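Note that the working numbering gives residue 710 to position 385 of the sequence shown, counting from 1, and the numbers run on in steps of one.
Written out below as structure tokens is the structure these notes cover.
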Amino acid sequence: MEIIRKGIPVSSGFAIGEAIVLDTEEFRIPQRTVAPEEVEPEVVRLQRAVEASRREFEGHLTRLSKKTSGIAQILQAHLGLLTDPQLADDLISTIRKNRFTAEYSVSRTLKKKIKVLQDSGSSVFQAVIRDFSEIEKALIRQLLGAKREDISRLTKKVVVVAHDLTPAQTLAFDREKVLGMVTEVGGRTSHTAIVAASFGIPAVVGVEGVTTAVSGGDTIILDGTGGTVIVNPSEATLKRYQAMERNYVLLGRRLERELRDLPAETRDGHRAEILANIELPGEVAAAIEHGAEGVGLYRTEYLYLQNGFNPTEPVQIDAYRQAVQLVGGRKLVIRTLDLGADKMPLDSFPREDNPFLGTRAVRLCLERRDIFRTQLRAILKTASMGQVHVMIPMISSLHEVIEVREFVDEVRRELQREGESIPSKVPIGIMVEVPSTAIVADLMADHVDFFSIGTNDLIAYSIAVDRLNERVASLYQPSHPAILRLLRHVIQVGEARGKPVSVCGEMSSDPVYTILLLGLGLKCFSVVPPAIPEIKKIVRSVTMEEARAVAGKAFEFSDARKTEEFLRSETRKIIPDAL
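Here it is in structure tokens:
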């Protein structure tokens with residue numbers, strides 16, 4: 326039976342394929358059947374798994390102290406369900422009737438039970454839902470044992486379905502095998518969304534209950550442009566989306582082929598610069614292939630995620646030099662460490678009640694100068710090899726800018742005393758992500774070499790919306806009148822003070838906002854590589870007079886939704902099939 330769910334589209338394109346459902350322990354539960362003579366051995370495997378799980382829960386109970394009675398009650402509930410004869414009958418009959426493997430029988434049976442409880446809409450069943458979920462995990466652990474499949478080494482092309490995915494998990498995927506990604510939580514600018522867009526993997530987030538609706542092996546259609554997820558589609562639906570997928574791919578290839586070597590220049594001769602956002606040095610080649618003129622945002626957090634939060638200076642130098650070599654004399658903007666908040670749990674630092682307003686990014690760097698010093702040394706040592714720029718995230722005051730520049734000068738002098746050849750001038754810019762910085766951009770201008778507007782956080786902080794909370798996702802509005810005014814102000818300050826301004830947030834990668842940003846005077850777009858052909862196509866299809874007229878009209882709306890509808894309609898005139 327065809328199931329249709331709606332979510333938030335965060336990385337455009339279509340994915341059609343077999344689902345792999347991951348829980349937090351990254352199990353893959355594919356739909357598999359066994360030969361008739363193997364059915365009873367599967368039943369025995371299941372019974373042994375039930376017994377092993379029972380012993381595991383009882384062992385936990387034995388070790389618990391009296392102070393943990395709450396946990397004991399939960400374990401007792403797990404045991405009660407696990408030893409329920411009706412559940413055992415359901416699991417065994419699923420194996421015998423369908424010749425399913427024990428793993429798939431557990432996944433399918435328990436997910437169906439969970440779905441029935443969820444569909445009731447009653448909060449009374451929340452505890453039972455959690456109990457069933459924990460029983461499923463326990464049984465799957467016992468059944469899979471050493472046979473758990475490493476999601477970084479998938480054997481076939483799949484659509485990944487999960488409650489949530491961390492940036493580290495997403496970075497570990499085999500990009501040749503992952504067709505698309507669906508999660509139950511997240512928003513347009515969650516870091517899973519950003520990574521998916523950077524890799525060109527279609528993705529939809531905020532799809533409520535999708536891990537329950539989908540079982541491993543189900544056929545799934547993912548529309549990363551419209552936000553639709555279809556499970557077990559009908560033949561007619563499948564054919565329709567296969568045609569849409571082919572058209573989308575052909576359009577992208579045609580635009581890339583036609584525009585890759587052409588400048589992003591309006592019809593009346595105004596030039597824009599199109600740079601790429603990357604996570605890893607290995608992405609540079611693909612970015613250049615898409616038509617990027619350089620790298621406007623090189624995120625360095627992966628170095629810390631992969632090296633126990635303490636990458637050495639040689640490790641960082643190796644990564645930066647690789648990126649410089651691959652970019653081939655073009656601009657490379659390296660963003661300094663931006664950890665904290667939703668980026669990753671910083672177990673090495675005290676937990677904070679509100680990490681989004683706490684010690685993150687530049688605040689963390691200025692607090693832990695040993696970490697910051699190592700990164701700056703590596704960047705400065707690399708700077709002589711090419712057009713390296715340094716970009717500081719999450720600046721909120723002029724004092725921070727001055728403090729950072731003084732520290733960079735200190736590190737530079739230190740390296741010069743060591744005999745290192747450091748360029749006399751390495752451009753240092755700041756990200757405009759905090760409303761206070763946007764408002765006082767004129768005060769910052771004399772102390773920075775460039776501005777880069779990070780619209781993801783700027784929108785979140787300006788409108789007070791948690792960008793990872795799907796419950797308030799509709800309030801996250803790039804076309805909010807306040808955001809448009811902040812963007813205009815920063816761009817105008819940059820123009821007046823001779824400081825280059827780029828936009829590196831997700832807003833610049835969305836073709837809906839290209840004409841608007843161009844009309845506001847933006848001359849540099851830093852975008853996810855797969856978006857480059859569309860952005861370039863739009864720039865080359867309008868005049869500056871037309872772009873300014875669109876931007877002017879956008880300021881006449883007081884409702885963000887009406888603004889977005891207007892911008893979308895203007896963009897469809899150029900690329901009707903892309904939106």
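A virtual CB, placed ideally from N, CA and C, is assigned to each residue, including glycine.
Just so we're clear, the structure is a prediction, and the values are computed from it rather than from any experiment.
Contact belief for residue i with residue j at Cβ below 8 Å, rounded distance in angstroms
i, j, result
"Val852", "Ile599", "7 Å"
"Pro848", "Ile899", "According to the sequence provided, residue 848 is Lys. The question's Pro does not apply to it. Wrong, their Cβ atoms sit about 19 Å apart, outside the cutoff."
"Leu691", "Glu728", "6 Å"
"Leu915", "Asn602", "Nothing can be reported for residue 915, as the shown portion of the chain is limited to 326 through 904."
"Ile276", "Leu371", "In the structure displayed, the chain extends from 326 to 904; residue 276 sits before or after that span and is not available."
"Pro858", "Leu584", "5 Å"
"Thr536", "Val486", "6 Å"
"Ala597", "Val864", "5 Å"
"Leu464", "Ser378", "6 Å"
"Val530", "Thr517", "7 Å"
"Ile840", "Glu895", "6 Å"
"Ala879", "Leu809", "6 Å"
Given residue i as reference, the closest of the options once Cα atoms are compared
i, options, result
"Leu682", "Tyr786, Arg693, Arg421", "Tyr786"
"Thr888", "Glu820, Ser722, Lys331, Gln802", "Gln802"
"Arg380", "Ile460, Val335, His724, Ser432", "Ile460"
"Arg500", "Asp643, Ala611, Cys829", "Ala611"
"Thr550", "Met869, Arg585, Gly505, Val620", "Gly505"
"Leu768", "Gln411, Leu809, Leu740, Lys824", "Lys824"
"Leu867", "Thr591, Phe498, Arg810", "Note on identity: in this sequence residue 867 is Val, with Leu being the wrong assignment. Per the Cα distances, Thr591."
"Arg822", "Ala766, Gly511, Ala589", "Ala766"
"Val715", "Glu725, Glu731, Asp774, Ser721", "Asp774"
"Asp835", "Ile333, Ser337, Met326, Glu327", "Ser337"
"Val431", "Gln467, Leu404, Val713", "Gln467"
"Lys438", "Ser523, Arg373, Ala538, Gln567", "Ala538"
"Gly619", "Glu638, Ile333, Pro588", "Pro588"
"Leu811", "Leu800, Val826, Ala798", "Val826"
"Arg813", "Asp791, Ala770, Pro855, Ala876", "Ala876"
"Leu576", "Ala856, Val864, Ala872", "Ala856"
"Gly511", "Val335, Val751, Glu327, Leu843", "Val335"
"Ile333", "Ala528, Gly384, Thr408, Ser378", "Ala528"
"His403", "Arg738, Gly819, Leu841, Lys462", "Lys462"
"Ser804", "Thr625, Val828, Phe891", "Phe891"
"Tyr593", "Asn679, Asp409, Gln356, Ala872", "Sequence check: residue 593 is Asp here, not Tyr. It is Ala872 whose Cα lies nearest to the Cα of Asp593."
Sequence-distant residues of the same chain with beta carbon closer than 7 Å to residue i, five excluded per side
i, result
"Lys391", "Residue placement at Lys391 is flagged as unreliable, the pLDDT there being 45, under the threshold of 50; the coordinate-derived value follows with that caveat. So no residue of the chain qualifies."
"Tyr629", "Pro636, Leu662, Leu664"
"Thr553", "Ile329, Lys331"
"Gly711", "Val649, Val652, Gly654, Leu657"
"Tyr645", "Ile659, Ala703, Ile704, Thr707"
"Ser394", "Any reading at Ser394 is ruled out, since the residue's pLDDT is 44, under 50, leaving its predicted position unreliable."
"Glu638", "Thr699, Arg702, Ala703"
"Lys482", "Gly342, Lys502, Leu504"
"Met326", "Asn557"
"Ala471", "Note on Ala471: pLDDT 43, under 50, position unreliable in the model; no value is reported."
"Met569", "Phe339"
Own chain residues within Cβ distance below 6 Å of residue i, not counting five before or after
i, result
"Val757", "Ala763, Phe776, Ile778, Val815"
"Ile519", "none"
"Leu412", "none"
"Asp415", "Thr434"
Residue(s) in a DSSP beta bridge with residue i
i, result
"Phe776", "Ile755, Val826"
"Cys849", "Glu598, Ser827"
"Gly505", "Val484"
"Met716", "Arg660, Gly754"
"Glu548", "As written in the sequence, residue 548 is Asp, which differs from the Glu given in the question. The partner list for Asp548 (beta bridge, DSSP) reads Phe339, Thr553."
"Pro334", "Val529"
"Glu590", "Arg596"
"Leu347", "Ala487"
"Val790", "According to DSSP, Val790 bridges with nothing at all."
"Thr358", "Phe425"
"Leu622", "Asn602"
"Ile465", "Looking at the DSSP assignment, Ile465 forms no beta bridge with any residue, so it has no partner."
"Ile840", "Answer by DSSP bridge pairing: none, since Ile840 is not bridged."
"Ile328", "Val556"
Contacting residues, own chain, Cβ-Cβ under 8 Å from residue i (five flanking each side not counted)
i, result
"Gln817", "Gly846"
"Ser709", "Ser746, Ile747, Pro748"
"Phe457", "Leu406, Leu435, Lys438, Ile439, Leu442"
"Met719", "Asp663, Arg685, Ala686, Val687, Arg688, Met756, Glu758, Val759, Asp782"
"Tyr566", "Phe339, Ile341, Ile546, Asp548, Ile555, Pro558"
Minimum Cβ-Cβ distance from residue i to chain C less than 8 Å
i, result
"Ala872", "Reference to chain C is not applicable here, since this structure consists of a single protein chain."
Three or more beta-carbon pairs under 8 Å between the region 334 to 350 and the region 536 to 549, yes or no?
yes
Touch test, the region 876 to 886 against the region 606 to 621, Cβ-Cβ under 8 Å, three pairs minimum: no
* Asked: Between the region 423 to 434 and the region 358 to 373, do at least 3 Cβ pairs fall closer than 8 Å?
  -> yes
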